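One structure is given below, encoded as structure tokens.
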Amino acid sequence: MRFMKKNIVLMLAVLMTAGILLAPANALVEQSDSYYVADYANVLSPDVEQDIIDANAMLEQSCEGAQIVVVTIDYLPDNYYADEYARQLFNDWHVGPADENNGMLLLLVTEEARGGIVTGDGISHNFTNRISNELLDNYFWNYVDKGQYEKAVTSIFDRLMNWYEDEYDAALTQNMGGASPAPGGVSA
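Residue numbering for the sequence shown follows the numbering used here, starting at 84 and increasing by one per position.
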């Protein structure tokens, strides 16, 4: 009897440890069918989602397979910071082609007013943290603070497309109407 209790306690400890170790991996949202936009916070209209998909088709064709994946969620899973969660999604979803590693992932966490941009190593030397922060400050956070989540996404998405256009000397004519700076923002 005593031997059985020890085994049960040991088995429960192993199961709990396995559950804790696997919890973060299971906390990631699934890729959407469209891949380019996963609007789990339900803040984007179908038209904006289609614009993101269409823009990515142009981007991939004109900029060596580059992609901008947009993910919206309500809350971050426990034990995650926004940048860690975005990086995990970026890696697990294989954003951008492996040989170029030139993709981006934009994360918006609506109920926590968090988010950010993660880039592949192939463009991180040109799309620096300074550029990312300036774009977020000028075209994203003020809209997020006002609860205008779709405008936050469209505004910064246009600027990210502009960055790729300049970086690859490509003609990307996508504009979702968000090219002006957010209220209180400064034009880039």
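For glycine and all other residues, C-beta sits at the position ideal for the given N, C-alpha and C.
Bear in mind that the values here come from a model prediction, so they are computed numbers and not experimental data.
Distance, residue j Cα to residue i Cα
{"i": "Gln114", "j": "Pro129", "result": "17 angstroms"}
{"i": "Ser145", "j": "Gly203", "result": "17 angstroms"}
{"i": "Ala196", "j": "Ala181", "result": "31 angstroms"}
{"i": "Leu104", "j": "Gln171", "result": "Residue confidence for Leu104 is low, a pLDDT of 43 falling below 50, so the modelled location carries little weight; the figure read from the coordinates is stated next. Their Cα atoms are separated by approximately 15 angstroms."}
{"i": "Glu194", "j": "Phe223", "result": "15 angstroms"}
{"i": "Asp122", "j": "Val227", "result": "15 angstroms"}
{"i": "Asp249", "j": "His208", "result": "15 angstroms"}
{"i": "Val120", "j": "Ala110", "result": "18 angstroms"}
{"i": "Gly102", "j": "Leu255", "result": "Any answer about Gly102 is weak, because its pLDDT of 43 lies below 50 and its placement is not dependable; what the coordinates show is given next. Gly102 and Leu255: Cα-Cα distance of roughly 46 angstroms."}
{"i": "Ala235", "j": "Asn139", "result": "18 angstroms"}
{"i": "Ala253", "j": "Asp161", "result": "40 angstroms"}
{"i": "Ala106", "j": "Tyr164", "result": "For Ala106, the predicted structure reports a pLDDT of 41, less than 50, and the residue's modelled location is therefore unreliable. The matter cannot be settled from this model."}
{"i": "Phe173", "j": "Leu188", "result": "6 angstroms"}
Among the options, the one whose alpha carbon lies nearest that of residue i
{"i": "Asp166", "options": "Asp116, Gly198, Ala254", "result": "Gly198"}
{"i": "Leu159", "options": "Asp241, Phe223, Val192", "result": "Val192"}
{"i": "Asn221", "options": "Val201, Asn209, Leu243", "result": "Leu243"}
{"i": "Leu127", "options": "Ile156, Glu147, Gln150", "result": "Ile156"}
{"i": "Asn245", "options": "Ile214, Trp176, Tyr118", "result": "Ile214"}
{"i": "Ser117", "options": "Leu218, Trp176, Leu219", "result": "Trp176"}
{"i": "Leu219", "options": "Gly230, Leu188, Ile200", "result": "Ile200"}
{"i": "Val154", "options": "Lys229, Ala124, Tyr251", "result": "Ala124"}
Helix, strand or coil at residue i according to DSSP, with G and I counted as helix
{"i": "Asp122", "result": "strand"}
{"i": "Ile156", "result": "strand"}
{"i": "Leu273", "result": "The requested residue 273 is not part of the displayed model; the chain covers only 84 to 271."}
{"i": "Leu105", "result": "With a pLDDT of 43 at Leu105, under the threshold of 50, the modelled position of this residue cannot be trusted, and the question is left open."}
{"i": "Asp191", "result": "In the sequence under discussion, the amino acid at residue 191 is Leu, which differs from the Asp named in the question. Residue state, collapsed to three classes: strand."}
{"i": "Val201", "result": "strand"}
Within 8 angstroms, strictly: CB atoms of residue i and residue j
{"i": "Val152", "j": "Val178", "result": "yes"}
{"i": "Tyr232", "j": "Ala149", "result": "no"}
{"i": "Gly205", "j": "Asn225", "result": "no"}
{"i": "Ile136", "j": "Phe240", "result": "no"}
{"i": "Tyr168", "j": "Leu190", "result": "yes"}
{"i": "Val131", "j": "Thr237", "result": "yes"}
Cβ-heavy atom distance, residue i to the ligand FAD, below 7 angstroms
{"i": "Asp157", "result": "In the structure on display, the ligand FAD does not appear, and there are no ligands present to speak of."}
Q. Of all the alpha helix (DSSP H) runs that stay within the bounds of the region 209-236, which reach a length of 4 or more residues?
A. 212-222, 224-228, all fully within the region 209-236.
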